[in-house]
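Trainee:
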Amino acid sequence: MSHNIPKTKSLYAYEAIKDSILLGEYQPDERLVLKDLSKSLSLSAIPLRESLNNLEKDGLVIQTPHQGFRVAPLSVNEFEELLAIRLSLEITALPHIIKNITYKQIHHLTSLTEEMYSYWEKTKDSPASFAIQKEFMTMNKELHIGMASASQLTHLPGMLTRVFDLSHRYMNIMEHIVGIGEVDVREHVEMVSLIKDKNEEKLKKLLESHYQRVITEFKKTSAKFFGKDITTH
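Quick note on numbering: the numbering used here labels position 191 of the sequence shown as 184, and the sequence is numbered without any gaps.
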């Protein structure tokens, strides 16, 4: 693992272990042995335990009494559930987005899609670095949360943010394997265009097909990433 050490040792460990999980260097259900982590990261047990506790809160690791920490398992069913919740929340927000979105918010969403397209242009002929992929996924999340925030609903944006966080590992793993795709970028460009046009029905259909495509791609890539199909239960 190659990382620049940030302000605190626990944050360094958190970022290092998290990136290794998202990159697949640690497999689902693999034990995370403190002695091994201490050796590879040159850290004592205290910051490592703190980082692992934070990763447990993120849903990336599981702590079992008397057995220590292990990487949380992956499940196609869990990812499908998270995407279904995301879709339900976004569809609920649609009429409110169409009604309440401001010119400034539309401009911000448009800028995000332009940035996403720029990232795709940079990487279309060669694989993107993990850092670039993470930046792209951050913009993707910001776009969807920005759309939800434009609804002016009180709780929905926060709920959607939580679901995005829970599905973060799945999305990063898929982005790592598949790369930054033109179809994905164009779909987000079209989403913003349909918001501008106040075309709620077409936007609903686009969101449904977008999430269906994502889960289909994830199922196809799981075997490639892990050497076998991940659990479906």
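For every residue, glycine included, the Cβ atom is placed at its ideal position computed from N, Cα and C.
What does the alpha-carbon distance come out to for the pair M132 and V54?
Mentor: Separation of M132 and V54 (C-alpha to C-alpha, rounded to the nearest whole angstrom) is 25 Å.
Trainee: Closer than 8 Å by C-beta to M167: which residues in its own chain qualify, once you throw out the five before and the five after it? Chain order, please.
Mentor: Hits under 8 Å: V207, E210, F211, T214.
Trainee: Mind checking whether R162 and I10 have CB atoms under 8 Å apart?
Mentor: Cβ distance not < 8 Å, so R162 and I10 don't count as in contact.
Trainee: Exposed or buried, what is S111 when buried is set at 16 or more other beta-carbons lying within 10 Å of its beta-carbon?
Mentor: exposed
Trainee: Between Y7 and H137, what straight-line distance do the alpha-carbon atoms span, to the nearest angstrom?
Mentor: 26 Å
Trainee: With DSSP collapsed to three states, give me the class of V156.
Mentor: helix
Trainee: In the DSSP assignment, what residue or residues form a beta bridge with L25?
Mentor: F62
Trainee: Have a look at I(-2) and Q126 and give me their C-alpha separation to the nearest angstrom.
Mentor: Any reading at I(-2) needs caution, since the residue's pLDDT is 49, under 50, leaving its predicted position unreliable; the model's value is listed next. In a straight line, the C-alpha of I(-2) is about 21 Å away from that of Q126.
Trainee: For Q229, report the span of its beta strand (DSSP E) as first-last.
Mentor: Nothing can be reported for residue 229: it is not among the residues displayed for the chain, which extend from -6 to 226.
Trainee: Roughly how many whole angstroms lie between the Cα atoms of F129 and G52?
Mentor: 21 Å
Trainee: Count the other CB atoms within 10 Å of the CB of N70; is the residue buried (16 or more) or exposed (fewer)?
Mentor: exposed
Trainee: Using CA coordinates, which residue listed in S37, E114, M152, G139 is at the minimum distance from R79?
Mentor: It is M152.
Trainee: Closer than 7 Å by C-beta to S3: which residues in its own chain qualify, once you throw out the five before and the five after it? Chain order, please.
Mentor: Cβ neighbours of S3 beyond the five flanking positions: P40, E43, S44.
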